[in-house]
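*Asks:* The sequence shown begins at 347 in my numbering and counts up one residue at a time.
After the structure tokens below, expect a handful of questions from me.
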Amino acid sequence: MQIATPYSRGPTDGDTFDQIAQSLEQVGYAVLSGVLPASLTDSLFADLKALEQAEFKPAGVGRQDDFQVNRFVRLDKICWLRGESQASAEFLAWTEKLREGLNRRLFLGLFDYECHYASYPVGAFYKKHLDAFKGQSNRVLSTVFYLNPSWQPADGGELVLYPESGSEPLEVILPEYGKLVIFLSEEFPHEVLPAHRPRHSIAGWFRINTSSAVRVDPPSY
Ligand code: OGA
Ligand code: MN
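This is how it looks when you write it as structure tokens:
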């Protein structure tokens, strides 16, 4: 009789969450491949493609009253996920498990998660920016999940992560199909280099609750 070890079953969410938590603790970011089932990745890609023509809007900078579309900063088009399709509901269910898994391991107090599909047309970029400024935002952890079948180095569109201060990149990440990147929103300036093919992703943020009696945190949509 053979006794199954956890690894003989292949990676489980528990193993994945351990790996992400450890990496966040040690370096503040994690880059992983194949953490979502291939069938879910395929159905997210199909969902994005189905919505892309009709539902995507130019992405802006800032929230609510500060919202501006600035074509010098970013050129992607986006559509918020609200769990309306089976694929997006499954993705949100997985991020909910991740939220609980990271709270349990790192005591981050993550409260919710918001995310959007993003499409970068050929030549599009997103200039170096931070997703959150210290003490001014409820975004704590940024995630990007890539939906680009057979992406090649020559296709560009890399995500470049920088240290908090300094212009030498920490990581240059190809946006390959099924890859997930997670990083601390306040600590890593980052940019998206121009893509030579249309580039697709789901960008998301785990948030802490900074609502008070006088100010309710708005979602971004
Ligand atoms: C963002 C972002 C990175 C990427 O949407 O804020 O930085 O690789 N995206 O798409
Ligand atoms: Mn960003």
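C-beta atoms are modelled at their ideal positions from N, C-alpha and C, and glycine is treated no differently.
1) With I528 as the anchor, note down where its beta strand (DSSP E) starts and where it stops.
2) Tell me which same chain residues have a C-beta within less than 6 Å of the C-beta of N555, skipping the five on either side of it?
3) Taking 8 Å as the cut-off, does the segment 386-399 touch the segment 422-440 (at least 3 CB pairs, one atom from each stretch)?
4) What would DSSP say about E537, mapped onto helix, strand or coil?
5) Report yes if the CB atom of Y459 is closer than 8 Å to the CB atom of D422, and no otherwise.
6) Note down the Cα distance separating N484 from R553, rounded to an integer number of angstroms.
7) Could you tell me whether any non-hydrogen atom of the ligand OGA is closer than 7 Å to the CB of S547?
8) Can you find the residues in the same chain that come closer than 6 Å, C-beta to C-beta, to E517, ignoring five residues on each side of it along the sequence?
9) Around the C-beta of D393, are 16 or more other C-beta atoms found within 10 angstroms, so that it is buried, or is it exposed?
10) Comparing alpha-carbon positions, which option in S513, G429, L452 lies nearest E537?
11) Taking the C-alpha atoms as reference points, what is the distance between E430 and P404?
*Replies:* Looking at the atomic coordinates:
1) For the purposes of this step, residue 528 is identified with residue 182 of the sequence shown, where counting begins at 1. From DSSP, the beta strand (DSSP E) with I528 extends over 525-530.
2) The residue labelled residue 555 in the question sits at position 209 within the sequence shown. Closer than 6 Å at Cβ, skipping near neighbours: F457.
3) yes
4) The residue you call residue 537 lines up with position 191 of the sequence shown. Strand at E537.
5) The residue labelled residue 459 in the question sits at position 113 within the sequence shown. The residue labelled residue 422 in the question sits at position 76 within the sequence shown. Taking 8 Å as the Cβ cut-off, Y459 and D422 do not qualify as a contacting pair.
6) If you number the sequence shown from 1, residue 484 lands on position 138. If you number the sequence shown from 1, residue 553 lands on position 207. Those two C-alpha atoms are separated by around 5 Å.
7) As a first step, residue 547 is located in the sequence shown; it is residue number 201 there, counting from the start. Correct: S547 has its Cβ closer than 7 Å to the ligand OGA.
8) Walking along the sequence shown from the start, residue 517 turns up at place 171. So the qualifying residues of the chain are L507.
9) For the purposes of this step, residue 393 is taken as the residue at position 47 of the sequence shown. Buried, by the Cβ-count rule.
10) Here residue 537 corresponds to residue number 191 of the sequence shown, with the count starting at 1. Cα-wise, what sits closest to E537 is S513.
11) Here the question's residue 430 lines up with position 84 in the sequence shown. Here the question's residue 404 lines up with position 58 in the sequence shown. So the two alpha carbons sit approximately 21 Å from each other.
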